[in-house]
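Each residue of the sequence shown is one higher than the last, beginning at 199 in this note's numbering.
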Amino acid sequence: AVNIGVLALQGSFREHIALLRRLPGVNASEVRNRQQLLASDGLIIPGGESTTMANIAERWGLIPDLQQFAQAENPLWGTCAGLIFLANRAVGQKVGGQALLGGLDCLVHRNFFGAQIRSFEALMPMPPCFADASNAPFRAVFIRAPAILESGPGVEVLSTYELDADEQQQAKGQKSVAVAVRAGNLMATAFHPELTDDVRWHAVFVALVRERLATRQHSATSVEQG
Ligand code: GLN
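See below:
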């Protein structure tokens, strides 16, 4: 089985764990310290409140461990607040800013879609590379959601959201924003698949973790043989 850790400092970590446990061959556990992190083959950073999450991570001295985990090419998936935490650059922060883990070459607007009251849902197509036979759209749940305004050349955009006139103005004329991306070992979504009962995004992440494990085992064997 693969071990998927969920950063359990704050936010929707229980919901992620419940969904992961529905997938075959997956052990899901809460991560609150370095030992638990190092026992994970991949880590999910849940939605919640990115400033609070960053503050707790700082206070508990977890930031360097998380950064090393990412630099060692372990898969990480940030949902919503987790996306903000993984981004290299964020705007719309509180005065004084907040710690970001970084690594994801994106500019994120922390509260692009506005306050709690402007939370919404949209039916969106699964990215073609992940679509299953049913081809069913997924329910994208946006809660005080961030958006990816810019992304670097190494970042693959998986889902785009078309903006209405007001939102376009806020995005300085941009007609759409990215709401799901992948770059190497990092994946990020502005929406919350853990608040639905659709396991497909979790399955996508688990597949990425399995792929990384297989590559690693393969290179370990070549080293032994070489
Ligand atoms: N905008 C929130 C933040 O700054 C994220 C909201 C969420 O995770 N649902 O952390």
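Just so you know, even glycine gets a beta-carbon here, dropped at the ideal spot from N, CA and C.
Query                                                                                                                                                            : Result
Around the C-beta of Asp239, are 16 or more other C-beta atoms found within 10 angstroms, so that it is buried, or is it exposed?                                : buried
Starting from Thr394 and walking both ways along the alpha helix (DSSP H), at which residues does that stretch end?                                              : Element bounds for Thr394: n/a, residue is neither H nor E.
Are there any heavy atoms of the ligand GLN lying less than 8 Å away from the beta-carbon of Asn309, as far as the coordinates show?                             : yes
Please say whether Cys304 and Arg316 have beta carbons closer to each other than 9 Å?                                                                            : no
Determine the closest residue to Asp364 out of Asp395, Asn225, Gly352, Phe311, with distance taken between C-alpha atoms.                                        : Phe311
According to DSSP, which residues form a beta bridge with His416?                                                                                                : DSSP, once it has assigned bridges, lists no residue as partnering His416.
Here's a check: name, in chain order, each residue in its chain whose Cβ is nearer than 6 Å to the Cβ of Ile242, leaving out the five neighbours to either side. : Val204, His214, Trp275
Kindly indicate the opening and closing residues of the beta strand (DSSP E) around Arg380.                                                                      : 374-381
Do Val426 and Val353 have their CB atoms nearer than 9 Å?                                                                                                        : Absent from the structure is residue 426, since the part of the chain shown begins at 199 and ends at 424.
What are the start and end residues of the alpha helix (DSSP H) that includes Gly280?                                                                            : 279-284
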